[in-house]
Structures are given as structure tokens and as C-alpha cells.
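Numbering of the sequence shown is given in numbering that gives the first Met the number 0, commencing with residue 0 and proceeding in unit increments. Ideal placement from N, C-alpha and C gives every residue a C-beta, glycine not left out. Remarks on the structure that follows.
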Amino acid sequence: MSVTLRGPVRDVLAFVAPFRERSRRFRDAPGEPKAPGHVTELAKALHPAGLQLRILSVRDDSPTTRTYRLAQADGSACLPPFRAGQYLSVFVEAGEVRASRPYSISSTPDEAEGGGYYELTVKNAPGGFCAPLILGTWEPGTTVRCSAPAGVFYHEPLRDGERLVCLAGGCGVTPFRSIVGDALAHGRASLALIHGATDPTELLFSGYFSELAVRYPERFSYLPIVERDGPAGVWGGERGYITAALIERLAPDASDAAYFISGPDAMRRFLADELAPWGLPSRRTRLEAAPARFGPDAWPGYPRDASSLAFTLEARIGPETVSVPAAANETLLVAMERAGLRPPSLCRAGECGWCRSRLVEGRCYSPPGPGARAADERFGFVHPCKAFPLSNTILEVPENPDR
Ligand code: FES
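Structure representation (C-alpha cells):
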């Protein structure tokens, strides 16, 4: 590129001229918005507010998980594109109660192209609300309502570099099926994946990962590890947990890698202790947004014995004001959904900001991580998806655009 200097005055004028032109266009612009053109239509198709999908097929991937293949319900070929690692937030209803759950897309972006599909893998969670409903009612032909792809748990080469260490626990491996497949198919990165599961039957996609490790021996290594042997009693692989020593063994000299971590809270806390001595900068660690779950004394700073208390939440949503019970061991979002309200939500992990609400009165506890932002606390905002009440509470909740 060549740059021509024409002198201080002419160079400054060269910058001023476009601003004058811009001001003229603003001044002369018509008062009414232009009729939507094909660019607007295309943008809406690529980034819709929500999706209606139809289940094409169902398969069991383990004794406790099922994978659903979905395409556009109206038969159109165009599914919004996504980044490998993103999720869909699925809406389910039972009577008056409507709730949502984010599920990582376990298929790759290539599989969604040109009349393709998304796959969502759902694990049965005893005592849960959404998973049992989904597993009990979804079958081929069922129409499903969900959000467009969302989330920031994806590989961005400019930010993350070209070397990834992926650490998965249980069904937290689902986004890695997409991330690994996509990165290898397009030569974007070299990856090491360690997947920990309770027993060999819960090692989701192990055939898929093993095959990729054989096909790309220079760029992908895979190590499954289980807590205990399965019913067949033939496991001859690694046993135990994902430790720093195991990571070093699979990915030696990974000091420049980005660490992608997805799994249950207990595994994250264990890994945080294991990796602490390495002093990894936070920009090199990416955590998948995980919906807030709770257990007494699970988080630092939570007041002792508070989790058994019960409070009242006054929710002001648009013109409506409703008082609902709010148990201290459930998030304010769950309290509203349980009462049949429809507050907005997407990630349910404090990440997307969709549910951000003004705390008019009361006290809440937000676990560390996404959703616990100092600025929000200072200016009186909380994310109900990640806020547990510590007193009676009044919240001003944004209206749900998808009511
Ligand atoms: S639903 Fe995403 S921040 Fe609450």
C-alpha cells in the first residue's frame, strides 16, 4: 500500500470532506425508513429472532443421552449459520409453565449448510424440568421452538491462537464435537481433547473422536478417562479425573495453548485448582456458559445456612406486577418461570444479558463468573438467571420480546 502526503492543510481537508458529505446525507435523508430491501430480508434470515424446527430423527448416544437432528419446520433449506461451540436455547412448556434451556449444537456448521441440520444432545437430569420433558415428548415430526444460535464459546483464531486444549466433563463434551470437527475440517487449529465421564458407557462421541485422532494424527489427540468401569467390566483405559499431569501428558509444551473447558461445576472447580500453579492468563481460558446450579456452601461468599430460606419476589414485567414465592436455593428466573411468568432468557448463565433486570429492592447472591459484573452491582442490576435471593426482592424485568 502506498501513502501520498500532500501537505498538512490538504491532508486535513481530505479528512474533513467525507464528514461534510455524511452530514449532508443525514440532513437530506427521508423522514420515513426505507422499505425493507433484500439485504434486510437476508439479514433476518441469517439472524432470526427465533426458530421453528422439526425433528428429523432421534438416536441414543448413551444410556442417559439422546441426540435430536432438527431442520427448518417450514421445509426451507436455510438454517442460520453458527460458530462451532454455540448453543440453541430451547423453549418447553408444561401447563402454564414455560422454561428454556440452552443446548450446545453438537453437529458442525458444515452439516447445517444447504438444507442440512442441527443436532442437539440432551442428557436426562433426574429431578430436572426441561430434560425429562424433552426426552419424554420429542419424537420425529415434533415441532420445536428455540432461539437462533448464540453464545461465545467458540474458537476465534485471532484471539485464541491455533492450539487448543479442550477439557470436557460428562455431556459437557457436546460443543467439542462441533469445535473439533470444524477446526480439523478447515485446518484452523491443532487440538487435544480429554473427556472425563463417570463410566465408559457415558463417553459420548468416543467413536467419532477416535476416528478423527486416527485421521489427523498430527493435529488431534484424544484421551477418554472414566471414574469407574462400566457394566461390561472391560475398560482398559485411563481411570480417575482430569489432572494437570494428565493434561501435560496429552499436550506437552502447551504453554501457548488456549484452554476450553466445558463440564459440571465440580469439574470446573477441580480444574481451577489443578491449573492454578500454571498461572494461565484469564484470556487464555474459555469456560462454556453453564446454567447456575446451587448447593449449600457451594460458592465462596454465600452466607452460611441461607439456602434453606424462602422469600417473596415482586416481579414487575411491563405493565404487570406479580408476587411469587422465591426459594433461596433457586434462581430468581426459576422462581418467575415456576409461577407461570415469561421473563426473557437465553443462556441462563449470566453471559448473554438477555434477562438483565433492575433490583429495585432486596439482596441477592450471584456466584462468581459471568453475570457477576461490578458495574451491574454498582448501578443496581442483576441477572435473574444467576441471582439467588437473600431477602424479599423487587425486580424490574424487561419484557420478553418472544412472548
Ligand atoms: S439468560 Fe443470559 S444473562 Fe440471563
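- Query: Can you list, in chain order, every residue whose CB sits closer than 6 Å to a heavy atom of the ligand FES?
  - Reply: S344, L345, C346, R347, G349, E350, C351, G352, W353, C354, G370, H382, C384
- Who are the Cβ neighbours of C170 in its own chain at under 7 Å, not counting the five residues just before and after it? T64, T120, K122, L203
- For the region 135 to 204, which segments carrying the beta strand (DSSP E) assignment without a break, of at least 3 residues, lie completely within its bounds, in sequence order? 142 to 146, 162 to 168, 189 to 196
- Message: Need the endpoints of the alpha helix (DSSP H) that F310 sits in, please.
- Response: Run containing F310: none in the alpha helix (DSSP H); it sits in the beta strand (DSSP E), 309 to 316.
- Query: Relative to the alpha-carbon of E329, which residue among S189, Y364, P131 has its alpha-carbon at the smallest distance?
  - Reply: Y364
- To the nearest angstrom, how far is it from the Cα of H46 to the Cα of A147? 7 Å
- Query: When you compare each of P318, E319, A314 to A325 by their alpha carbons, which one comes out closest?
  - Reply: A314
- Buried or exposed: S322, going by 16 or more other Cβ atoms within 10 Å of its Cβ? exposed
- Inter-residue CB distance, P383 and L331 (contact presumed, cutoff 8 Å): At roughly 4 Å, the Cβ-Cβ gap stays under 8 Å, so P383 and L331 are in contact.
- Query: In angstroms, rounded to a whole number, what distance separates the CA positions of P342 and L211?
  - Reply: 42 Å
- Cβ separation of H154 and A182, assumed to be a contact under 8 Å, to the nearest whole Å: 6 Å
- Message: What would DSSP say about A256, mapped onto helix, strand or coil?
- Response: coil
- Please classify F378: is it buried, with 16 or more other beta-carbons within 10 angstroms of its beta-carbon, or exposed? exposed
- Short CB-CB distance (under 7 Å) between G186 and chain C: The structure shown contains no chain C, having only a single protein chain.
- Message: When you compare the region 35 to 42 with the region 126 to 145, are there three or more beta-carbon pairs, one atom per stretch, that lie closer than 8 Å?
- Response: no
- Task: Would you check if the region 106 to 120 and the region 174 to 188 touch, i.e. whether three or more CB-CB distances between them fall below 8 Å?
- Result: yes
- Put P295 into one of helix, strand or coil per three-state DSSP. Caution is warranted here: a pLDDT of 49 is assigned to P295, below 50, making its placement in the model unreliable, and the coordinate value is therefore given only provisionally. Coil.
- Item | Nearest-angstrom Cβ-Cβ length linking R68 and L78, presumed shorter than 8 Å | No, R68 and L78 are not in contact; Cβ-Cβ is about 12 Å, not under 8 Å.
- Query: From E360 to A70, what distance separates their C-alpha atoms?
  - Reply: 44 Å
- Take the Cβ of S320 as the centre, count every other Cβ of all protein chains shown within 10 Å, and call the residue buried at 16 or more, exposed below. Contrary to the premise, residue 320 reads as Thr rather than Ser in this sequence. Answer is exposed; the Cβ neighbour count stays below 16.
- Query: If you run the structure through DSSP and keep just helix, strand and coil, what is Y117?
  - Reply: strand
- Item | Test item: CB-CB of P388 and A327 under 7 Å | Judged by beta-carbon spacing, A327 lies within the 7 Å limit of P388, meaning their Cβ atoms are closer than that value.
- For the region 206 to 230, which segments carrying the beta strand (DSSP E) assignment without a break, of at least 3 residues, lie completely within its bounds, in sequence order? 219 to 225
- In angstroms, rounded to a whole number, what distance separates the CA positions of F259 and R218? Those two C-alpha atoms are separated by around 16 Å.
- If you drop the 5 nearest sequence neighbours on each side, which residues of the same chain put their C-beta closer than 8 Å to that of T392? F310, T311, L312, E313, A325, L331, L358, E360, G361, R362, C363
- Query: Which class does L345 belong to by DSSP, given the choice of helix, strand or coil?
  - Reply: The DSSP-derived three-state label of L345 is coil.
- Message: I need the straight-line Cα distance from P199 to N399, nearest angstrom please.
- Response: Approximately 42 Å between the Cα atoms of the pair.
- Query: What is the residue span of the alpha helix (DSSP H) that E360 lies within?
  - Reply: No alpha helix (DSSP H) holds E360; the beta strand (DSSP E) holding it covers 356 to 360.
- Task: Please say whether A191 and A250 have beta carbons closer to each other than 7 Å?
- Result: yes
- Item | Spatial distance of V151 from L4 (CA atoms) | Cα to Cα, the separation comes out at about 42 Å.
- Top-ranked residue by Cα proximity to P223, from F18, A243, G239: G239
- Message: Suppose you measure from the CA of A83 to the CA of A124; what does that come to, to the nearest Å?
- Response: 24 Å
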